[in-house]
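Peer 1: What follows is a single structure, and I will ask about it in a moment.
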Amino acid sequence: MNWIEVAGYLASALVLATFCMKTMIPLRAAAICSNFAFIIYGFYDSVYPVLILHAILLPLNTWRAVQMLRLIRRVEIASKGDLSTDWLKPFMKEERLKAGEIIFNRGDHAERLYMVLSGNVHIEQIDFTLHPGDLFGEIGLFSADHQRTQTARALTDINLLWIGEGELAQICYQNPGIAFYFLRLTTNRLIANASRLSTSLATASTVS
Numbered sequence: 001m002n003w004i005e006v007a008g009y010l011a012s013a014l015v016l017a018t019f020c021m022k023t024m025i026p027l028r029a030a031a032i033c034s035n036f037a038f039i040i041y042g043f044y045d046s047v048y049p050v051l052i053l054h055a056i057l058l059p060l061n062t063w064r065a066v067q068m069l070r071l072i073r074r075v076e077i078a079s080k081g082d083l084s085t086d087w088l089k090p091f092m093k094e095e096r097l098k099a100g101e102i103i104f105n106r107g108d109h110a111e112r113l114y115m116v117l118s119g120n121v122h123i124e125q126i127d128f129t130l131h132p133g134d135l136f137g138e139i140g141l142f143s144a145d146h147q148r149t150q151t152a153r154a155l156t157d158i159n160l161l162w163i164g165e166g167e168l169a170q171i172c173y174q175n176p177g178i179a180f181y182f183l184r185l186t187t188n189r190l191i192a193n194a195s196r197l198s199t200s201l202a203t204a205s206t207v208s
């Protein structure tokens with residue numbers, strides 16, 4: 001067995017190893033190593049389809065690994081400081097709504113996490129207005145019954161960003177630090193909502 005065959009077997013073993021990995025960074029590292037090994041094997045053994053395929057996959061895997069490392073760093077910073085949401089934007093899709101349109105009603109099944117990109121959103125039950133950069137919808141998304149606890153309406157023409165439950169779960173699974181970020185976010189939101197409700201009830205009691 002010559003060294004070219006060894007490179008081919010090594011590349012195959014690395015591909016097999018990726019199927020046993022549960023986190024993204026080790027998976028991407030193994031994929032990048034397998035790309036290098038397959039490129040060497042394809043070049044020296046004149047297996048050009050293999051060479052071309054892995055020459056294309058190498059930069060893609062490298063870019064995905066860089067993206068994930070950047071995400072991890074941003075989440076680590078966010079988990080220790082303020083709850084900035086900029087790191088989540090590349091993973092979200094955009095949606096536009098007119099003023100007065102309902103984003104979701106109380107009791108609806110929760111499937112998305114939202115961020116206000118522009119405009120204002122009104123949360124009706126607690127009479128609270130969300131502004132650009134604010135996340136909302138996380139309480140219903142992470143609750144056991146997946147039900148919306150509030151009604152959200154577009155107060156003005158708005159641009160929203162959203163991410164589905166499945167995509168968000170994958171991101172959290174790849175890095176537990178992200179799950180900790182959302183734990184902090186949800187806890188802070190529940191405390192703030194309870195405080196607003198308490199103030200509202202106290203005001204109503206005083207008026208009556």
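In terms of our numbering, the sequence shown has 66 at position 66, counting the first letter as 1, and numbering is strictly consecutive.
We treat Cβ as the ideally placed atom computed from N, Cα and C, and that holds for glycine.
This one's a predicted model, so the numbers in the text were calculated from it and none came from an experiment.
1. Threshold first: 4 residues or longer. Then list the alpha helix (DSSP H) segments lying entirely within the region 20-72, N to C.
2. Can the beta-carbon of ALA154 be found less than 8 Å from the beta-carbon of ALA99?
3. Is ALA11 closer than 8 Å to PHE38 when the C-beta atoms are compared?
4. Do the CB positions of ASN159 and LEU117 come within less than 8 Å of each other?
5. Among residues of its own chain, excluding the 5 on either side of GLU138, which ones have a beta-carbon nearer than 8 Å to its beta-carbon?
6. Would you kindly report the start and end of the unbroken beta strand (DSSP E) that includes THR156?
7. Using three-state DSSP, classify GLN125 as helix, strand or coil.
8. Given a cut-off of 8 Å, decide if GLU165 and SER111 are closer than it, judged by their beta-carbon atoms.
9. Straight-line CA distance for PHE142 to ARG148?
Peer 2: Taking the structure as given:
1. Within the region 20-72, the complete alpha helix (DSSP H) runs of at least 4 residues are 24-44.
2. Contact: yes.
3. Judged by beta-carbon spacing, ALA11 lies within the 8 Å limit of PHE38, meaning their Cβ atoms are closer than that value.
4. In this structure, ASN159 sits near LEU117, with a CB-CB distance shorter than 8 Å.
5. Taken in chain order, the residues that qualify are LEU113, PHE182, LEU185, THR186 and ARG189.
6. Per DSSP, THR156 belongs to no beta strand (DSSP E) and is neither H nor E.
7. Here GLN125 sits in coil by DSSP.
8. The amino acid at residue 111 is misidentified as Ser; the sequence shows Glu. For GLU111 and GLU165, yes; Cβs fall inside 8 Å.
9. Using only the alpha carbons, I get a separation of about 10 Å.
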